[in-house]
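Undergrad:
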Amino acid sequence: MTLPLDHYRTEYARARAGRPRGEGEALARTRDEALGRFLDRGFPTTRQEEWRFTSVAPIAEQAFALARPPAGAGPADVDRLRFHVVCAAELVFVDGHYVPALSTRGALRGSARAGSLAAAVSGHAPNIDPHLARVARDGSAFVALNTAFFADGAYIDVPCGTALEHPIHVLFVSTGQGGDTPVVSHPRVLAVLGDNSQASIVETYAGPDSARYFTNVVTEIVLGEHAVLDHYKVQRESTAAYHVGSIHLRAARSATCSSHSVSLGGAIVRNDVVAVLGGEGGECTLNGLYLADGQRLVDNHTTIDHAMPHCGSREMYRGILADRARGVFNGKIIVRPDAQKTDAKQTNRALLLSEDAQINTKPELEIFANDVKCTHGAAVGQLDEDAVFYLRSRGFGLTDARRMLIHAFLGDVLHRMPLAVIRTSVEHVLERQLARALGAAA
Amino acid sequence: MSTPTETVEQLASRDYKYGFYTDIEHEMAPRGLSEEIVRLISAKKQEPEWLLEWRLHAYRTWLTMKEPTWGNVTYGPIDYQNIIYYAAPKKRPVLQSLDEVDPEIRRTFEKLGIPLDEQKLFSGVAVDAVFDSVSVATTFKEKLAELGIIFCSFSEAVRQHPELVRKYLGTVVPYSDNFFATLNSAVFSDGSFAYIPKGVRCPMELSTYFRINARETGQFERTLIVAEEGSYVSYLEGCTAPMRDENQLHAAVVELVALDNATIKYSTVQNWYPGDKDGKGGIYNFVTKRGKCAGVNSKITWTQVETGSAITWKYPGCILQGDNSIGEFYSVATTNNRQQADTGTKMIHLGKNTKSTIVSKGISAGHGQNTYRGLVRIAKGAVGAHNYSQCDSLLIGDKCGAHTFPYLEIRNSTARVEHEASTSKIGEDQIFYSRQRGLSTEDAVNMIVSGFCKDVFRQLPMEFAVEAQKLLSISLEGSVG
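Sequence order for the protein chains is R and G.
Note that the first sequence ends on residue 423 in the numbering used here; no numbers are left out.
Note that the second sequence ends on residue 485 in the numbering used here; no numbers are left out.
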């Protein structure tokens, strides 16, 4: 049974009363519209093409309580999630609320900003009106839900001509504590890079093991002309948590953006990436890797929209599915009429480690221009027996041999991530998870 | 000097060659669909009670179904009550031999290049000709009968071999399968039936030629091919229709059953009237084709060359049930002017060590929209399944579109599934290179296109390969630039 959407109506009324005064009329209207859109559509069902293989019934049937601001100093284990290298800023959010005491913003250069989105909204920061809730306007019901409910999030503004040497790390930690009912947080990220600017942004999502909660996040990114962005999303939620996130990215002329997604946790995970190349000469790279075991479900949907000529895109996804895990990959490449000289390439591969693992994959091409080069490739299989044999004949145990090969398989994506600190920290987590997954498979 | 574009455009405006209409008397059912019409069709064909019941079940199921809208095609609403569901050339007293076929009809088929006279048949192709809704003649019947092969019209099979028809009808495409297949199950008029007994290798190509002639009719034929253990058959299908302003509906069903070690090769050259260059008229080709590899080591190959129809909507599929069975799909689909095609295949792997190969070549020109939609499903018990898919699109002109929607659903970790797709255009440099070597632009395009389609044409029987190549060059002429 689907929970009556009334729960969200009453929660909204309550959240609305508690909103800070500074939010302004325009945003209030946007939120009202978004709620209307959400109530209209309801949660997606598997009858909808975009959600065919991903049932969000467990999310729809649960009445989540909105997460409250943390009472004390926040969870103690934030430190293990920090990067421990120089960051331009490290923003920490607990249950979707900004915690200044845990955050550092020391190394931000010039007039670049990184801080609380709520503060930016009340302070009428210049980028709010033109971009907030506009880049992700046509998202799913979950995007509408986030727009209606988000309390806070990260606001990043890199002005024209500014290049940040160090990454900005945005850390969303869930406590999973909310009394009897599981909690939901709706973090929001808005990043605006001016012309000729450059930045690296990392979003990390984490929570305590086996806690049940729901994170519904929306990231909006706007790139000016010739801007260069290196974006990462590292999802390490609890294995019982639900994570639905979408990244909406709009790039102007000759902008270069890459977005890397790493999905390691979560019981039901849905990642949407929508990149619109809205100016000539844009370049876009979307890479991702995911690993799921147990009964978990990981769904990656990506869309690269070549709206203008002379743009290029590269996409590579790798996934490992063990136990009874299910994986979904849907990669869409759209080439609009007149987007000539488009060069798009997509590959996605998945490894099934057990009899009961499943993968549903659908690489889509929609092409309306003729002078284009578009290819996609998809492959599903298990580890190459010859390769395993080779390694075993050289003295490796079966588990070691398999782990090595899987490592190499994921390495394709991992080694394309320019930020070393991500590579090492992801590798560390992967190692642990693989040991667990392989242990179960053996 | 005329540019390559102009040359090709002139060629493209060439008329549809098969657009003539034969003036013969038709016996027609009243317009519209109701239980009475279903009963009427069944009565006309003197069908047994069980078949009428089957049709009525289908009709009642159809009433509860909705027309599918998920296809990547657009067309106006179809008024199912404005279609004539049964049209047959007026019956003469029982035909004693082929010579008694209405000379008008024979002339039509001659125009189409299918002489019914057996003497003229050097090519060794046994033809079953379906004119509107009724099969008019089957050639080479005696010779096939010597081997125990049954090749006749569907109605005849119902009369003479009811036990076979009853055993296999609807086992691959059940009457409740989908909107159009269900409609077909209720009103199907005729079609071909072939039965290859155990261990027999059919010595000649079997062939059906479909022709829609009468106005405002729909054609709903049903083909059933059963290959017994260890047999082999190659079956060809061709289609044409006259030019008309209004759209005509063609909703056929084809069922193939391959038992242990049997092989069925099914080839289609579809050249229904595609409509004029502004998209007026043309055939709506909404077809359900499915084969079941029921036995071990069985094999079904679909080869299709789709050049006609205003809208093509078909997914010939294989259910790979027997262990070690093989499914293959080779397709060339072209869309020019305002044609739309949403076509592909479904490979359902159930048995162990099943293999499937998909090679799809889509060519879009003019305002054509070409979609490949395919499904590869590896069921949980399908150990060691292997699929290879390749779908390539060629775009000619900047107003057309090419779309790819492959679904890969894998439930078994031992599966090996590979999918590749690419989209490209005919390069200026390729044409320049060919012209530099003395070829005309037209020849260069033909050469490049036939190179692009070679993997598929290779699968066609000889005579068809030649015809397909010709058709392709006609349907694409004038689209390069």
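Glycine included, C-beta positions come from ideal geometry on N, C-alpha and C.
No experiment lies behind these values; they were computed from the predicted model shown.
May I have the straight-line CA-CA distance separating His147/R from Tyr213/R, to the nearest angstrom?
TA: Here residue 147/R refers to the residue found at position 166 when the first sequence is read from its first residue. Here residue 213/R refers to the residue found at position 232 when the first sequence is read from its first residue. Cα-Cα distance, rounded: 14 Å.
Undergrad: Hey, which unbroken runs of the beta strand (DSSP E) at 3 residues or more fall wholly within the region 140 to 216 of chain R?
TA: For the region 140 to 216 of chain R, whole beta strand (DSSP E) runs of length 3 or above, ordered along the chain, are 149 to 154, 164 to 166, 169 to 174, 179 to 187, 195 to 204.
Undergrad: Below 8 Å on C-beta distance, what does Ser335/R contact in chain G?
TA: For this step, residue 335/R is matched to residue 354 along the first sequence. Within chain G, the residues near Ser335/R are Ser417.
Undergrad: Could you tell me whether the region 227 to 238 of chain R touches the region 247 to 261 of chain R, where touching means 3 or more Cβ pairs closer than 8 Å?
TA: In short, these stretches touch, since the Cβ pair count reaches three.
Undergrad: Specify the secondary structure class of Thr9/G as computed by DSSP and reduced to three states.
TA: Walking along the second sequence from the start, residue 9/G turns up at place 5. Here Thr9/G scores only 40 on pLDDT, less than 50, and its place in the model is too uncertain to base an answer on.
Undergrad: State the start and end residues of the unbroken alpha helix (DSSP H) segment that holds Ala198/G.
TA: Here residue 198/G refers to the residue found at position 194 when the second sequence is read from its first residue. First-last for Ala198/G: 196 to 200, but that is the beta strand (DSSP E), not the alpha helix (DSSP H).
Undergrad: For Asn127/R, decide whether its Cβ has a neighbour in chain G, counting only Cβ atoms nearer than 8 Å.
TA: Position 146 of the first sequence, counting from 1, holds the residue named residue 127/R. No - not a single Cβ of chain G is within 8 Å of the one on Asn127/R.
Undergrad: List the residues of chain G whose Cβ lies closer than 7 Å to the Cβ of His357/R, in chain order.
TA: Along the first sequence, read from residue 1 onward, the residue named residue 357/R stands at position 376. By Cβ distance, chain G contributes Ala425.
Undergrad: Output yes if chain R places a C-beta closer than 8 Å to the C-beta of Phe409/G; else output no.
TA: In the second sequence, counting from the first residue as 1, residue 409/G sits at position 405. It does: the Cβ of Phe409/G has a partner Cβ on chain R nearer than 8 Å.
Undergrad: Just checking Arg277/R against the ligand GTP - is the residue's beta carbon closer than 7 Å to any of the ligand's heavy atoms?
TA: As for the ligand GTP, it is missing from this structure, which has no ligand bound.
Undergrad: Quick one, are the C-beta atoms of Thr196/R and Ser155/R less than 8 Å apart?
TA: Counting from 1 along the first sequence, the entry for residue 196/R is found at position 215. Counting from 1 along the first sequence, the entry for residue 155/R is found at position 174. Yes, they are a contact pair.
Undergrad: Please confirm whether Ala88/R and Ala135/R have their CB atoms less than 8 Å apart.
TA: If you number the first sequence from 1, residue 88/R lands on position 107. If you number the first sequence from 1, residue 135/R lands on position 154. Their beta carbons are not under 8 Å apart, which means Ala88/R does not touch Ala135/R by this criterion.
Undergrad: Under three-state DSSP, which class holds Gln339/R?
TA: In the first sequence, counting from the first residue as 1, residue 339/R sits at position 358. Gln339/R: strand per DSSP, three-state reduction.
Undergrad: Answer yes or no: do Lys318/G and Cys457/G have a C-beta to C-beta separation smaller than 8 Å?
TA: Start at 1 with the first residue of the second sequence, and residue 318/G comes out as number 314. Start at 1 with the first residue of the second sequence, and residue 457/G comes out as number 453. Not closer than 8 Å, so no.
Undergrad: Suppose you measure from the CA of Val73/R to the CA of Ile149/R; what does that come to, to the nearest Å?
TA: Looking up residue 73/R in the first sequence gives position 92. Looking up residue 149/R in the first sequence gives position 168. Each residue's Cα considered, the two are about 11 Å apart.
Undergrad: Given a limit of 8 Å on CB to CB distance, which residues of the region 266 to 282 of chain R reach chain G?
TA: For the region 266 to 282 of chain R, which is checked against every Cβ of chain G, not one residue is closer than 8 Å.
Undergrad: Fully enclosed by the region 43 to 96 of chain G, which beta strand (DSSP E) runs are 3 residues long or longer?
TA: The region 43 to 96 of chain G contains these whole beta strand (DSSP E) runs: 91 to 93.
Undergrad: Can you tell me where the beta strand (DSSP E) with Asn450/G in it begins and where it stops?
TA: As a working note, residue 450/G is residue 446 in the second sequence. Taken as a continuous stretch (DSSP letters only), Asn450/G belongs to no beta strand (DSSP E), being part of the alpha helix (DSSP H) at 445 to 461.
Undergrad: Determine the contact status of Asp138/R and Ala187/R, defining contact as a CB-CB distance below 8 Å.
TA: Mapped onto the first sequence, residue 138/R falls at position 157. Mapped onto the first sequence, residue 187/R falls at position 206. Cβ atoms of Asp138/R and Ala187/R: not closer than 8 Å.
Undergrad: How would you call Ser178/R, buried or exposed, if buried means at least 16 neighbouring beta carbons within 10 angstroms?
TA: Mapped onto the first sequence, residue 178/R falls at position 197. Buried.
Undergrad: Going by alpha carbons, who is nearest to Leu56/G out of Ala472/G, Lys171/G, Asn391/G, Val42/G?
TA: As a working note, residue 56/G is residue 52 in the second sequence. Ranking the options by Cα distance to Leu56/G, first place goes to Val42/G.
Undergrad: Can you tell me the Cβ-Cβ gap for Ala208/R and Asp176/R, rounded? I've got them flagged as a contact below 8 Å.
TA: Here residue 208/R refers to the residue found at position 227 of the first sequence. Here residue 176/R refers to the residue found at position 195 of the first sequence. Confirmed, Cβ separation roughly 7 Å.
Undergrad: Starting from the beta carbon of Phe349/R, find every residue of chain G whose beta carbon is closer than 7 Å, and list them in chain order.
TA: Stepping through the first sequence from its first residue, residue 349/R is reached at position 368. By Cβ distance, chain G contributes Gly405.
Undergrad: From the DSSP output, which residues share a beta bridge with His112/R?
TA: On the first sequence, residue 112/R is found 131 positions in, with the first residue counted as 1. DSSP, once it has assigned bridges, lists no residue as partnering His112/R.
Undergrad: Between Val257/G and Arg226/G, how many whole angstroms is the CB-CB distance? I'm expecting something under 8 Å.
TA: If you number the second sequence from 1, residue 257/G lands on position 253. If you number the second sequence from 1, residue 226/G lands on position 222. At roughly 5 Å, the Cβ-Cβ gap stays under 8 Å, so Val257/G and Arg226/G are in contact.
Undergrad: In chain G, what lies closer than 8 Å to Pro344/R by C-beta?
TA: The sequence position of residue 344/R within the first sequence is 363, counting from 1. Within 8 Å Cβ-Cβ: Thr408, Pro410, His423, Ala425.
Undergrad: According to the neighbour-count rule (16 or more other Cβ atoms, all chains shown, within 10 Å of its Cβ), is Pro344/R buried or exposed?
TA: Counting from 1 along the first sequence, the entry for residue 344/R is found at position 363. So Pro344/R counts as buried.
Undergrad: Go ahead and label Tyr334/G buried or exposed: buried means 16 or more other beta carbons lie within 10 angstroms of its beta carbon, across all protein chains shown.
TA: Your numbering for residue 334/G matches position 330 in the second sequence. By the neighbour-count rule (16 or more Cβ atoms within 10 Å), Tyr334/G is buried.
Undergrad: Could you tell me which uninterrupted beta strand (DSSP E) segments, each at least 3 residues in length, are contained entirely in the region 208 to 269 of chain R, listed from first to last along the chain?
TA: Listed in chain order, they are 209 to 217, 223 to 232, 237 to 244, 249 to 258.
Undergrad: Output, in chain order, the set of chain R residues within a Cβ distance shorter than 8 Å of Lys429/G.
TA: Start at 1 with the first residue of the second sequence, and residue 429/G comes out as number 425. Those within 8 Å of Lys429/G in chain R are Asn351, Asp352, Val353.
Undergrad: Go to Ala70/R, then tell me how far its beta strand (DSSP E) extends in each direction, as first and last residue.
TA: As a position in the first sequence, residue 70/R is number 89, starting the count at 1. 70 to 75 is the extent of the beta strand (DSSP E) around Ala70/R.
Undergrad: Buried or exposed: where does Lys269/G fall if 16 or more other Cβ atoms within 10 Å of its Cβ makes it buried?
TA: Residue mapping note: residue 269/G aligns to position 265 of the second sequence, counting from 1. Lys269/G is buried by the Cβ-count criterion.
Undergrad: Just verifying my parser: in three-state terms, what is the DSSP assignment at Glu122/G?
TA: Mapped onto the second sequence, residue 122/G falls at position 118. The predicted model places Glu122/G with a pLDDT of 43, which falls under 50 and marks its position as unreliable, so this point remains unresolved.
Undergrad: If we ignore side chains and look at the alpha-carbon of each, how far apart do Lys95/G and Gln50/G end up?
TA: For the purposes of this step, residue 95/G is taken as residue 91 along the second sequence, with counting starting at 1. For the purposes of this step, residue 50/G is taken as residue 46 along the second sequence, with counting starting at 1. Low confidence applies to Lys95/G: its pLDDT is 49, below 50, so where it sits in the model is not reliable, and the reading given next is rough at best. Approximately 14 Å, taken between the alpha carbons.
Undergrad: Does chain G have any CB closer than 8 Å to the CB of Val361/R?
TA: Position 380 of the first sequence, counted from the start, is the residue given in the question as residue 361/R. Yes - at least one Cβ of chain G is within 8 Å of the one on Val361/R.
Undergrad: So, do the region 155 to 162 of chain G and the region 181 to 189 of chain G have three or more beta carbon pairs nearer to each other than 8 Å?
TA: Not touching, per the Cβ criterion.
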